[in-house]
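Taken in order, the sequence shown gives residues 1116 to 1292; the numbers are from the working numbering.
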Amino acid sequence: MALPRPHDHLHVLRIDLSPADAREMLAERDPVRASLTGPEVDLDRVELVDPADLAGIGLSGYLIEGQGADPEAVRAEAATLDAVRDPVLILLPHAFAEPVETLYPKAPLSNLGRFPLVAPNTSEGPLRPPSADAPAADTPPPRAEDPASSRRAGGYVAMVALAVALFVAFVVWLVAA
């Protein structure tokens, strides 16, 4: 079966192997490339998923929630996707070095579907933290503390300490007399 290959779709392929053999196939890389005829495959853009690891959400939920696939397109195939027990390869967008019109998977791969991605909601605009904003032009920078003020405070502390020392000396003189 020929698969159209636009850049905004996920391709989901079942691997007719055990999970251990599928991991080995992906690790060796050449068998995957041989099973996907066409231009060079960027295996960093290929994800191996074992449906047994998706307990609770299933493969369909993973494609929607984890990969951003169109919920309507995935739900139309949810029964088939969630029934798969063999490992699955997910070809992420831009998995090929160049655009490919059709993709011909060979055994042990078989097509489970092609699912469009949902465009992210950018209606709220970019997120910008307040710390990234520059101070307003009419706002003066905070004033640095005046050095004379800190010297004056030091003088007050010294005078109070001297007064306390004189008072203690006076009390000692009175008690001694």
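Every residue, glycine too, gets a C-beta built ideally from N, C-alpha and C.
Contact under 8 Å by Cβ, residue i with residue j
| i | j | result |
| --- | --- | --- |
| GLN1182 | LEU1125 | yes |
| SER1150 | PRO1220 | yes |
| ARG1138 | LEU1158 | no |
| PHE1230 | LEU1178 | yes |
| LEU1196 | SER1175 | yes |
Proximity to residue i [Cα-Cα], best of the options
| i | options | result |
| --- | --- | --- |
| ASP1123 | LEU1242, LEU1232, ALA1276, LEU1281 | LEU1232 |
| ASP1165 | LEU1132, ALA1149, GLU1213 | LEU1132 |
| ARG1160 | ASP1201, ALA1234, ILE1205, ALA1191 | ILE1205 |
| ARG1200 | ARG1144, ARG1258, TYR1177, GLY1173 | GLY1173 |
| ALA1170 | ASP1136, ALA1198, PRO1262, PHE1211 | ALA1198 |
| ASP1136 | PRO1223, PRO1154, GLU1180 | PRO1223 |
| GLU1213 | PRO1256, ASP1168, THR1152 | THR1152 |
| LEU1218 | ALA1291, ARG1148, THR1254, ALA1292 | ARG1148 |
Residue burial classification, residue i (beta-carbon count within 10 angstroms, cutoff 16)
| i | result |
| --- | --- |
| PRO1245 | exposed |
| ILE1130 | buried |
| PHE1282 | exposed |
| VAL1156 | buried |
| TYR1271 | exposed |
| ALA1268 | exposed |
| ALA1184 | buried |
| VAL1189 | buried |
| LEU1277 | exposed |
| LEU1289 | exposed |
| LEU1242 | exposed |
Beta-ladder partner(s) of residue i, from DSSP
| i | result |
| --- | --- |
| GLY1228 | VAL1127 |
| ILE1205 | VAL1127, GLU1162 |
| PHE1285 | Looking at the DSSP assignment, PHE1285 forms no beta bridge with any residue, so it has no partner. |
| LEU1151 | PRO1220 |
| VAL1233 | Per DSSP, none; premise fails for VAL1233. |
| ALA1184 | LEU1232 |
Expected contact under 8 Å - CB spacing of residue i and residue j to nearest Å
| i | j | result |
| --- | --- | --- |
| GLY1228 | GLU1187 | In fact, because the Cβ distance is near 13 Å, the residues do not count as touching under 8 Å. |
| PRO1099 | PRO1134 | Nothing can be reported for residue 1099: it is not among the residues displayed for the chain, which extend from 1116 to 1292. |
Any non-hydrogen atom of the ligand ATP closer than 7 Å to residue i Cβ
| i | result |
| --- | --- |
| VAL1189 | Of ligands this structure carries none, so the ligand ATP is not represented either. |
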